[in-house]
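**Q**
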Amino acid sequence: MGEIEGRVFASELDKNLIGKKVSIAGWVEDIRPLGSLIFLTVRDVSGFAQSVFVKGNTPPDVFASVKSIARQSAIVIHGTAKESKAKDVRVEIQADGMEILSSATHPLPIDPTGRVGSSLELRLDARALDLRNPSIAALFKIRHVALQSARKSLIEEKFIEVNTPKIIGQAAEGGATLFPLSYFGKKAFLAQSPQLYKEQLTLSLDRVFEISGYFRAEKSHTRRHLNEFISVDIESAFSNKEDVMKVLERLVKNAIEGVLEKCKNELGALNMRLRSPDIPFDRITYSDAVEELKRSSSRIDFGDDLDTKALRKLSKKHSGFYFIVDWPTTLKPFYVETKEGNSDLSESFDLMYGYLELASGGTRVSDKARLEKRLLDSGLDLRSFSSHLEVFSWGMPPHAGWGLGLDRFMMVLTGMKNIREVVLYPRDRFRLSP
Ligand code: ATP
Ligand code: MG
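Letter by letter, the sequence shown follows residues 100 to 533 of the numbering used here.
This is the structure in structure tokens:
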């Protein structure tokens, strides 16, 4: 079957079409026989449409079969658009034909109308069907618009979109646990970030960004970690942390405004009240955060990481978007520059939303000798970094950048509390399918 002649989407059924021949393709949501009439609600990607089959106007075999179509089957309805008498429908289809393209076999694993609730686990097992629920589909339409706006924002600031390898030969950055794999008999790994590549690219392409999936073999099973996640990364030549923080603020604001403009129905379906944030975002230093926590009787010292408990405590006072800046050097990777005159502190920032870390970034070490020292101080082997270090002899510009977790940002845009809700097919320690 090819394209359906006269196909309109449910959302396009309006007064302009009255009297015209139209077809609607979608899935059967509901069937209500009423004597010589049958009302059939069909859903497509854009919304719902009501169709009416009248005995006598519809071929008898079609009329007889409409009543017994299994809900959620894929069908096409042919007919004429006409004004509706129903309260909540303006234009409906007076049907004169119907084809069942593919019947749904019951019982279905979940009810995609959402009338019968299902656990997240069951929904993820049947994700393709789950997405027929408009409020679930809304999450991914918002994700699409947020991504589009993020790209637009970066392109307008002269960033070039790049793609770097996801199979890497060296456990480059240390830190997070990598997934190993066998690469023609050699050991290789799945990339945990594009860090070293994006830094290298600043010496020729100046400003680069990449949007891609990354992999971390962390065993932590939380509502904000997955083993595969999407990161929006930038790296910018002739820039420092202040410059790239501004790029990040603008991207966040633009993405939210894009969603507000283009996703009114989707936000409505989620009961989500989103508003455009004021920029610049508030800032606290890591040291201030530690002092604050000490005052609220937390046992924490300078140099300790801010764990979930600490971040939850902090978020009682700091809501919405804010930066935590000037982290201890020991808590940041070797490629993050230290503060002039105080090598205990780094030129770094995390973008937070309440307790949730959304992004990490900073000014990078661009001097080769200093980078070698930082590698050694971090207990890493210079030989594993020889090809990366060589690049720093070719006129490496000062540069800065960040990585923004797209899935976590989606939690903010949609109000979802579990990262699995905003990822189509999440990967965690216990889930490798579908
Ligand atoms: P966390 O401390 O929350 O585990 P991180 O500091 O290890 O995160 P970074 O290496 O700074 O993470 O990565 C940059 C961003 O990528 C994070 O701020 C976050 O938004 C996202 N991110 C990192 N790890 C994950 C993960 N396992 N699942 C989802 N998003 C992640
Ligand atoms: Mg981080």
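No residue lacks a Cβ here, since even glycine has one placed at the ideal position from N, Cα and C.
#1: Would you check if there are 3 or more beta carbon pairs closer than 8 Å linking the segment 521-533 to the segment 313-320?
#2: Any residue with its Cβ nearer than 7 Å to a heavy atom of ligand 2 should be included. What is that list in chain order?
#3: So Phe420 and Leu450 are supposed to be a Cβ contact under 8 Å. How far apart are they, rounded?
#4: Taking the C-alpha atoms as reference points, what is the distance between Phe152 and Phe162?
#5: With burial defined as no fewer than 16 other Cβ atoms inside 10 Å of the residue's Cβ, what is the status of Trp493: buried or exposed?
#6: Out of Ala245, Pro132, Lys120, Met371, which one is the CA nearest neighbour of Leu505?
#7: Considering only the beta carbon of each residue, do Tyr524 and Arg226 sit closer than 9 Å?
#8: Would you say the segment 351-370 touches the segment 241-255, given that touching needs at least three Cβ pairs under 8 Å?
#9: Can you tell me the Cα-Cα spacing of Arg398 and Asp404, whole angstroms?
#10: Which residue or residues does DSSP assign as beta-bridge partners of Ala388?
#11: Per DSSP, Ser311 is paired with what?
#12: Which residues in the same chain as Val343 place their Cβ atom closer than 7 Å to its Cβ, once the five residues preceding and following it in sequence are excluded?
#13: Is Ser311 near ligand 1, in the sense that its beta carbon is under 8 Å from a heavy atom of that ligand?
#14: Does ligand 1 have a heavy atom nearer than 8 Å to the CB of Ile399?
#15: So, does the CB of Gln149 fall closer than 9 Å to a CB anywhere in chain C?
#16: Between which two residues does the beta strand (DSSP E) containing Arg142 stretch?
#17: Got a sec? Which residues, its chain only, sit under 8 Å from Gly155 by beta carbon, not counting five neighbours each side?
#18: Please go through the same chain and pick out, in chain order, the residues whose beta-carbon is closer than 7 Å to the beta-carbon of Phe138, but skip the five residues on each side of it.
#19: Report yes or no: do three or more beta-carbon pairs, one from the segment 200-208 and one from the segment 177-191, lie closer than 8 Å?
#20: What does DSSP give as the partner residues of Ala458 in its beta bridges?
#21: Compare the Cα-Cα distances from Met371 to each of Cys362, Ile378, Pro379, Asp377 and report the closest residue.
#22: Where does Gly540 land, buried or exposed, given buried means 16+ other C-beta within 10 angstroms?
#23: By the 10 Å Cβ neighbour count, where 16 or more other Cβ atoms means buried, how is Arg214 classified, buried or exposed?
#24: Evaluate Tyr385 with the Cβ neighbour count: other Cβ atoms within 10 Å of its Cβ, from every protein chain shown; 16 or more gives buried, anything less gives exposed.
#25: Label Ser532 either buried or exposed according to how many other C-beta atoms from any shown protein chain fall within 10 Å of its C-beta, with 16 as the threshold for buried.
#26: With hydrogens ignored, establish whether the beta-carbon of Glu436 is closer than 8 Å to any heavy atom of ligand 1.
#27: Ligand 1 and Asp425: does the residue's C-beta get closer than 8 Å to at least one heavy atom of that ligand?
#28: Report the three-state DSSP secondary structure of Gly197 (helix, strand or coil).
#29: Check this for me: beta carbons of Pro376 and Val346, under 9 Å apart or not?
#30: Which residue comes first and which comes last in the alpha helix (DSSP H) that contains Ile378?
#31: Sort Leu481, Ala236, Tyr313, Pro496 by Cα distance to Glu520 and report the nearest one.
#32: Are Asn339 and Glu439 close, meaning C-beta to C-beta below 9 Å?
#33: Which residues share a DSSP beta bridge with Trp126?
#34: Helix or strand or just coil, what does DSSP make of Ile355?
#35: Between the segment 207-224 and the segment 466-473, do at least 3 Cβ pairs fall closer than 8 Å?
**A** Well, looking at it:
#1: yes
#2: Residues flagged by the Cβ proximity filter: Asp449, Glu456, Ser459.
#3: Stepping through the sequence shown from its first residue, residue 420 is reached at position 321. Stepping through the sequence shown from its first residue, residue 450 is reached at position 351. 7 Å between Cβ atoms; contact.
#4: Along the sequence shown, read from residue 1 onward, the residue named residue 152 stands at position 53. Along the sequence shown, read from residue 1 onward, the residue named residue 162 stands at position 63. Cα to Cα, the separation comes out at about 7 Å.
#5: Here residue 493 refers to the residue found at position 394 when the sequence shown is read from its first residue. Trp493 should be labelled exposed.
#6: Here the question's residue 505 lines up with position 406 in the sequence shown. Among Ala245, Pro132, Lys120, Met371, the Cα nearest to that of Leu505 belongs to Ala245.
#7: The residue labelled residue 524 in the question sits at position 425 within the sequence shown. The residue labelled residue 226 in the question sits at position 127 within the sequence shown. Yes, Cβ-Cβ distance for Tyr524 and Arg226 is below 9 Å.
#8: Taking a cut-off of 8 Å on C-beta distances, the segment 351-370 touches the segment 241-255, as three or more cross pairs fall below it.
#9: For the purposes of this step, residue 398 is taken as residue 299 along the sequence shown, with counting starting at 1. For the purposes of this step, residue 404 is taken as residue 305 along the sequence shown, with counting starting at 1. When only Cα atoms are considered, Arg398 and Asp404 end up about 12 Å apart.
#10: Locating residue 388 in the sequence shown gives position 289, counting from the first residue. BP columns for Ala388 are empty, so no partner.
#11: In the sequence shown, residue 311 corresponds to position 212, counting from 1. Per DSSP, Ser330.
#12: Stepping through the sequence shown from its first residue, residue 343 is reached at position 244. Hits under 7 Å: Ile333, Ser335, Gly460, Ala499, Gly500, Trp501.
#13: Reading the sequence shown from its first residue, position 212 is the one you call residue 311. Distances from the CB of Ser311 to the heavy atoms of ligand 1 are all 8 Å or more.
#14: As a position in the sequence shown, residue 399 is number 300, starting the count at 1. No, Cβ of Ile399 sits at least 8 Å from all heavy atoms of ligand 1.
#15: The question asks about chain C, but that chain is absent: this structure has only one protein chain.
#16: Taking the first residue of the sequence shown as position 1, residue 142 is located at position 43. Taken as a continuous stretch (DSSP letters only), the beta strand (DSSP E) holding Arg142 covers 136-143.
#17: Start at 1 with the first residue of the sequence shown, and residue 155 comes out as number 56. Excluding residues within five positions, the ones whose Cβ falls inside 8 Å are Ser135.
#18: Translated into the one-based positions of the sequence shown, residue 138 becomes position 39. The residues are Arg131, Gln149, Val151.
#19: no
#20: Numbered from its first residue, the sequence shown carries residue 458 at position 359. Paired residue(s): Leu450, Leu503.
#21: Working through the sequence shown from its first residue, we reach residue 371 at position 272. Nearest option by C-alpha distance: Cys362.
#22: Since the first and last residues shown for the chain are 100 and 533, residue 540 lies out of range.
#23: Your numbering for residue 214 matches position 115 in the sequence shown. Arg214 should be labelled exposed.
#24: For the purposes of this step, residue 385 is identified with residue 286 of the sequence shown, where counting begins at 1. Result: buried.
#25: Here residue 532 refers to the residue found at position 433 of the sequence shown. Label assigned to Ser532: exposed.
#26: Reading the sequence shown from its first residue, position 337 is the one you call residue 436. No, the beta carbon of Glu436 sits no closer than 8 Å to any heavy atom of ligand 1.
#27: Within the sequence shown, numbered from 1, the residue matching residue 425 stands at position 326. Flag unset: Cβ of Asp425 not near ligand 1.
#28: Taking the sequence shown and counting its residues from 1, one reaches residue 197 at position 98. Checking the sequence, you will find Met at residue 197 rather than Gly. Strand, per DSSP.
#29: For this step, residue 376 is matched to residue 277 along the sequence shown. For this step, residue 346 is matched to residue 247 along the sequence shown. Contact flag unset, no.
#30: Your numbering for residue 378 matches position 279 in the sequence shown. Neither: Ile378 is in no alpha helix (DSSP H) and is coded neither H nor E.
#31: Residue numbering aside, residue 520 sits at position 421 when the sequence shown is read from its first letter. Of Leu481, Ala236, Tyr313, Pro496, the residue nearest in Cα terms is Ala236.
#32: To locate residue 339, count along the sequence shown from 1; it is residue 240. To locate residue 439, count along the sequence shown from 1; it is residue 340. Their beta carbons are not under 9 Å apart, which means Asn339 does not touch Glu439 by this criterion.
#33: Your numbering for residue 126 matches position 27 in the sequence shown. DSSP, once it has assigned bridges, lists Arg142, Ala173 as partnering Trp126.
#34: Numbered from its first residue, the sequence shown carries residue 355 at position 256. Reduced to three states, the DSSP call for Ile355 is helix.
#35: no
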